[in-house]
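Visitor: Residue numbers (full-length UniProt numbering): 1 to 249. Ideal placement from N, C-alpha and C gives every residue a C-beta, glycine not left out. Below: one structure in structure tokens.
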Amino acid sequence: MQRYFYNEMLANEQFVLPKDIYKHAITVMRMRVGDKFELVTPDKQVQLMEVTAVDKQQARAKVIETFSHQTELPVVTTIACGLSKGDKAELIVQKGTELGADRFIFFKGDFSVAKWDDKKQAKKIARLEKIALAAAEQSHRTTIPTISYCNSLKELKLATDESGIVAYEEAAKQGEKANLVKVIEQLTAHQAPHLTAVFGPEGGLSTNEIEILMQEGFIQAGLGPRIMRAETAPLYLLATLSYALELVK
Numbered sequence: 001m002q003r004y005f006y007n008e009m010l011a012n013e014q015f016v017l018p019k020d021i022y023k024h025a026i027t028v029m030r031m032r033v034g035d036k037f038e039l040v041t042p043d044k045q046v047q048l049m050e051v052t053a054v055d056k057q058q059a060r061a062k063v064i065e066t067f068s069h070q071t072e073l074p075v076v077t078t079i080a081c082g083l084s085k086g087d088k089a090e091l092i093v094q095k096g097t098e099l100g101a102d103r104f105i106f107f108k109g110d111f112s113v114a115k116w117d118d119k120k121q122a123k124k125i126a127r128l129e130k131i132a133l134a135a136a137e138q139s140h141r142t143t144i145p146t147i148s149y150c151n152s153l154k155e156l157k158l159a160t161d162e163s164g165i166v167a168y169e170e171a172a173k174q175g176e177k178a179n180l181v182k183v184i185e186q187l188t189a190h191q192a193p194h195l196t197a198v199f200g201p202e203g204g205l206s207t208n209e210i211e212i213l214m215q216e217g218f219i220q221a222g223l224g225p226r227i228m229r230a231e232t233a234p235l236y237l238l239a240t241l242s243y244a245l246e247l248v249k
């Protein structure tokens, strides 16, 4: 069933579809009177809606049922990625949203070839926010991930109740495979309700960046014996978290 997000609480059971929802539901999906869709409100409640009236200007729907459905990862997860070339950021946001990430931070890494100036930064973030919204609707989430940008890893800080890992190619080459397991065990034991994971761009992270992150409290973690692309590693981590925290309890 089609799902939409609405950034206000419903004042009553009758709901006038906003322009963006009207365009997609009525024009694209061709919904008519009697058709149903889901609407997520800011309190993360899901409203089952039924279309009650449609014309060329607007459409109305009424609340049939209100329910909550747990589709979010048990741990609030931030994915921080170095800027990469092409549409890799779009892929990371789209698939990462489907896999449960709550926040995406992009940063200019020492080895980043791509650059976001102030003008490009605003356009990129707006584009990524649209992708996150569409992916959250498609995957039936109740939260839309946030997108932000920082000029340096020095701006990345861990909260006191937050675990932090950095996926480092050299750690994987040296066979490190215990730290990710340890972090997941902490998350499973509810010792840390938040996780921030850092990934480099195509060229990886510099030794200086690794030192900055370790001073902040991040630990190096290998993601298995294979070296992954910049856009693959965050998705591997999110899938691993889903398996450990949602499927194996």
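Per DSSP, what kind of secondary structure is Glu90 in: helix, strand or coil?
Guide: helix
Visitor: I believe Ile147 touches Glu162 by the beta-carbon criterion, under 8 Å. Please report the beta-carbon distance rounded to the nearest angstrom.
Guide: 19 Å between Cβ atoms; not a contact.
Visitor: Tell me whether the stretch 38-52 and the stretch 207-216 touch, counting them as touching only if at least three CB pairs, one residue from each stretch, are closer than 8 Å.
Guide: Contact fails: fewer than three Cβ-Cβ distances are below 8 Å.
Visitor: Look at the alpha carbon of Lys62 and the alpha carbon of Gln138, and state the distance between them as a whole number of angstroms.
Guide: A straight line joining the alpha-carbon of Lys62 with that of Gln138 spans about 22 Å.
Visitor: How far does the alpha helix (DSSP H) with Met214 in it extend, from its first residue to its last?
Guide: Going by DSSP, Met214 is part of the alpha helix (DSSP H) stretching over Thr207 to Glu216.
Visitor: When you compare the CB positions of Phe5 and Ile227, do they come within less than 8 Å of one another, or not?
Guide: No, these two residues do not count as a Cβ contact at 8 Å.
Visitor: On the three-state DSSP scale, how would you describe Arg127?
Guide: helix
Visitor: Taking the C-alpha atoms as reference points, what is the distance between residue 258 and Phe15?
Guide: Outside the displayed span of the chain (1 to 249) sits residue 258, for which this structure offers no information.
Visitor: Count Cβ pairs between the stretch 151-168 and the stretch 192-199 that sit closer than 8 Å; are there 3 or more?
Guide: yes
Visitor: Does the contact criterion of 3 or more C-beta pairs under 8 Å hold for the stretch 60-77 versus the stretch 107-114?
Guide: no
Visitor: Using a 10 Å radius around the Cβ and a threshold of 16 neighbouring Cβ atoms, would you call Glu8 buried or exposed?
Guide: exposed
Visitor: Thinking just about the alpha-carbon of each residue, which of Asn179, Glu38, Val33 and Arg3 is nearest to the one in Phe218?
Guide: Asn179
Visitor: Could you check if Ile79 is buried or exposed, using at least 16 other CB atoms within 10 Å of its CB as the buried criterion?
Guide: buried
Visitor: So for Ile105, helix, strand or coil by DSSP?
Guide: Of the three classes helix, strand and coil, the one that applies to Ile105 here is strand, per DSSP.
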